[in-house]
DNA sequence: ATAAAAAAAGACAATAATATCTTTATATAT
DNA sequence: ATATATAAAGATATTATTGTCTTTTTTTAT
Ligand code: FES
Ligand code: FES
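Chains as they are written, first to last, in our numbering: chain A, 226 to 371; chain B, 226 to 371.
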């Protein structure tokens, strides 16, 4: 559904948001440990998110990543688009160049409905909200050990 | 959403089903031309579908691919599972090893709902039905030329 | 029987995604 | 000012996916 890079991005952002406090910065190694992701690959992803303005960072001692107040309400959709690209969830389910109602592939009606539900879901859920649920202990970012 | 291989598989099967007649066999090159796919890559995909019993074939002159009567009602879900694997649409949206209600990731509730809608859709739509719609001219397997 | 046609199989090539490692730049604390 | 911690950048490696080409096997038609 999403690339691994995108899954790591979402997990990282939710983790950062869940740790968000006054001026709190989260280091790369802490993030990677918390979400169980390869450190350097995660670094690449954070760089993309940073360039897109979704996450902020400072270098040096006590540096790390954090979310600006105006970045907190970022939606899953924006994250997916930042990492997997804007076309990732708008294309034809069967790979035709263009998805359209007027020139539909055989699965267009059925598929586009589900795909649009997915888009709606991604657009309705913010990192902030998901982080809050995580803080409440209602969800987890790591695999169960059992 | 699906791999390219899977998209080609679905398109190929719908095409074959739409041409299905008494003992009619469709050659690989005709299929690839009809669905706009790389011939040899399509061959590999057809071999997988053939081994899984989803499509049948005969070699030699006038040979080709066809659908057994009992294969006609095959669903999209079966095709997706044959090509992309049985786990492809059951995993966690954020990449956790296991998706479960009792150990949910932050997007589990929202995501699993959409994913299950997708599964339901794939399970409700047969190649046969989609091929019929194609035959009626209600859909297309190739890109618009304009 | 033989030749031709077609799928099956296998080897290889190109590309993209994922992952690792090294170096550089920069901000902070001392 | 200096040393240190950290993200940023860059280079390379690995793996998976997609695509191409060649050879083999099997079936049919002659
Ligand atoms: S044309 Fe294929 S999903 Fe819309
Ligand atoms: S646990 Fe992540 S989608 Fe179910």
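All C-beta atoms in this analysis are idealised placements derived from N, C-alpha and C, irrespective of residue type, glycine included.
Review point. Exposed or buried, which one is residue 272 of chain B when buried takes at least 16 other CB atoms within 10 Å?
Key: Position 47 of the second chain holds residue 272 of chain B. The residue is exposed, with fewer than 16 neighbouring Cβ atoms inside 10 Å.
Check your understanding: What residues of chain A sit near residue 368 of chain B, judged by a beta carbon separation below 8 angstroms?
Key -> By 1-based counting over the second chain, the position of residue 368 of chain B is 143. The answer, in chain order, is 321, 322 and 323.
Check your understanding: What is the DSSP secondary structure of residue 351 of chain A, reduced to helix, strand or coil?
Key -> Here the question's residue 351 of chain A lines up with position 126 in the first chain. DSSP places residue 351 of chain A in strand when its eight states are reduced to three.
Check your understanding: Using 8 angstroms as the Cβ pair cut-off and three pairs as the minimum, do the segment 287-294 of chain A and the segment 313-324 of chain A touch?
Key -> no
Exercise for review: Can you grab the Cα-Cα spacing for the pair residue 333 of chain A / residue 244 of chain B, in whole Å?
Suggested key: Against the first chain, residue 333 of chain A aligns to sequence position 108. Against the second chain, residue 244 of chain B aligns to sequence position 19. Taking the straight line from one Cα to the other gives about 20 angstroms.
Practice item. Return helix, strand or coil for residue 300 of chain B, following the three-state DSSP convention. Key: On the second chain, position 75 is the one that residue 300 of chain B refers to. Residue 300 of chain B falls in the strand class under three-state DSSP.
Review point. Looking only at DSSP bridge pairs, what is residue 320 of chain B linked to?
Key: By one-based count along the second chain, residue 320 of chain B stands at place 95. Paired residue(s): none; residue 320 of chain B is not in a bridge.
Check your understanding: Which partner residues does residue 290 of chain A have in the DSSP bridge list?
Key -> Translated into the one-based positions of the first chain, residue 290 of chain A becomes position 65. In the DSSP output, where bridge partners are listed per residue, residue 290 of chain A has A:251 and A:282.
**Study point:** residue 320 of chain A burial status per 10 Å Cβ neighbour count (16 or more: buried)
**Key:** Position 95 of the first chain, counting from 1, holds the residue named residue 320 of chain A. Classification for residue 320 of chain A: buried.
Check your understanding: Exposed or buried, what is residue 227 of chain B when buried is set at 16 or more other beta-carbons lying within 10 Å of its beta-carbon?
Key -> Translated into the one-based positions of the second chain, residue 227 of chain B becomes position 2. It counts as buried.
Check your understanding: When you check each C-beta in the segment 333-348 of chain A against every C-beta of chain B, which residues fall closer than 8 angstroms?
Key -> The residues in question are 333, 335, 336, 338, 339, 340, 342, 343 and 346.
Practice item. Report whether the distance from the Cβ of residue 304 of chain B to the nearest heavy atom of ligand 1 is below 7 angstroms. Key: Against the second chain, residue 304 of chain B aligns to sequence position 79. Not under cutoff, so the answer is no.
Point to revise | residue 241 of chain B versus B:325, B:282, B:330 and B:331, residue with shortest Cα-Cα distance | key: Here residue 241 of chain B is taken as the residue at index 16 of the second chain, counted from 1. Of the listed residues, the one whose Cα sits closest to residue 241 of chain B is B:282.
Check your understanding: Roughly how many whole angstroms lie between the Cα atoms of residue 347 of chain A and residue 329 of chain B?
Key -> Here residue 347 of chain A refers to the residue found at position 122 when the first chain is read from its first residue. Here residue 329 of chain B refers to the residue found at position 104 when the second chain is read from its first residue. Each residue's Cα considered, the two are about 17 angstroms apart.
Practice item. Under the assumption that residue 331 of chain A contacts residue 364 of chain B (Cβ atoms under 8 angstroms), give the Cβ distance between them as a whole number of angstroms. Key: Taking the first residue of the first chain as 1, we reach residue 331 of chain A at position 106. Taking the first residue of the second chain as 1, we reach residue 364 of chain B at position 139. That belief holds up - the Cβ atoms of residue 331 of chain A and residue 364 of chain B are roughly 4 angstroms apart, short of 8 angstroms.
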